[in-house]
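Have a look at the structure below before the remarks.
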Amino acid sequence: MKKSVAVLGLGRYGISLAKSLYEMGADVLVADKNEDLIKEMADFCTVGICADLENEEEIKSLDIKNMDIVVCAMGRNLSASIMSVAVAKELGVPLVVAKSSSERMSSILKKVGADKIIIPEDFGGLQSARILISDTFIDYFQLDENLSMVEIRPRDSWIGKNLLELDLRKKYKLNVVAVKNSQTKWGFIDPQRKLTSDTTLLVVIETNELNKINKG
Numbered sequence: 182m183k184k185s186v187a188v189l190g191l192g193r194y195g196i197s198l199a200k201s202l203y204e205m206g207a208d209v210l211v212a213d214k215n216e217d218l219i220k221e222m223a224d225f226c227t228v229g230i231c232a233d234l235e236n237e238e239e240i241k242s243l244d245i246k247n248m249d250i251v252v253c254a255m256g257r258n259l260s261a262s263i264m265s266v267a268v269a270k271e272l273g274v275p276l277v278v279a280k281s282s283s284e285r286m287s288s289i290l291k292k293v294g295a296d297k298i299i300i301p302e303d304f305g306g307l308q309s310a311r312i313l314i315s316d317t318f319i320d321y322f323q324l325d326e327n328l329s330m331v332e333i334r335p336r337d338s339w340i341g342k343n344l345l346e347l348d349l350r351k352k353y354k355l356n357v358v359a360v361k362n363s364q365t366k367w368g369f370i371d372p373q374r375k376l377t378s379d380t381t382l383l384v385v386i387e388t389n390e391l392n393k394i395n396k397g
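Numbering of the sequence shown is given in the working numbering, commencing with residue 182 and proceeding in unit increments.
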């Protein structure tokens, strides 16, 4: 099922994130007060709306209450970020993500309700998109142009099976390097141990295989 994501604010990070999400098949709403940017994004979003993101009523008019995810991408405009996060949480959006440019800003945005903070210097638009749109990825770090290290949840079809049965290395060109659950820290995995819904796997995978593992 497609995820619906609203990207509020079209700076460099917001544009990169919106384009990546749209290319991955998400329904993407973008909003910014700059009408020229909205026009430039016409081919890279489902809906583009010109709106003042410091204005509560204009944010509410975007109809973001039905979105799966709202990303407040105005990293240097604290008032717009606070207003967007607060309105999204008030409307009951399941996941509200906020871009931040400092630790102090991160602290403030968490206090007004942001579920996740992203600092673009550490996390680019493509990386953010892969995690936000995925039911499998928890965290993601690109080691180089060929390899990525990813924290993943087992897919439903993996639960109750062990690594020998799944043969993930052959299917996805990945190596499982560690495992944990809610009661344990990271450790080496017994290849005969069955995976559960509580299992988290740390894997190294060829970057061009990431979309394949996400789709199953």
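Using N, Cα and C, we set each Cβ at its ideal position, and we do this for glycine too.
- Residue burial is scored here from C-beta neighbours: Trp-339 has at least 16 other C-beta atoms within 10 angstroms and is therefore classed as buried.
- When rounded, the separation of the alpha-carbon atoms in Ile-240 and Lys-214 is 11 Å.
- DSSP, read as helix, strand or coil, puts Glu-235 in coil.
- The three-state secondary structure of Asp-224, taken from DSSP, is helix.
- Linking Asn-356 to Thr-377 through their CA atoms gives a straight-line distance of about 18 Å.
- For Glu-390, the closest C-alpha among the options Asp-249, Leu-347, Val-228 and Tyr-353 is that of Tyr-353.
- By the Cβ-count criterion, Thr-365 is exposed, with fewer than 16 other Cβ atoms from all chains shown falling within 10 Å of its own Cβ.
- When only Cα atoms are considered, Ser-363 and Leu-345 end up about 23 Å apart.
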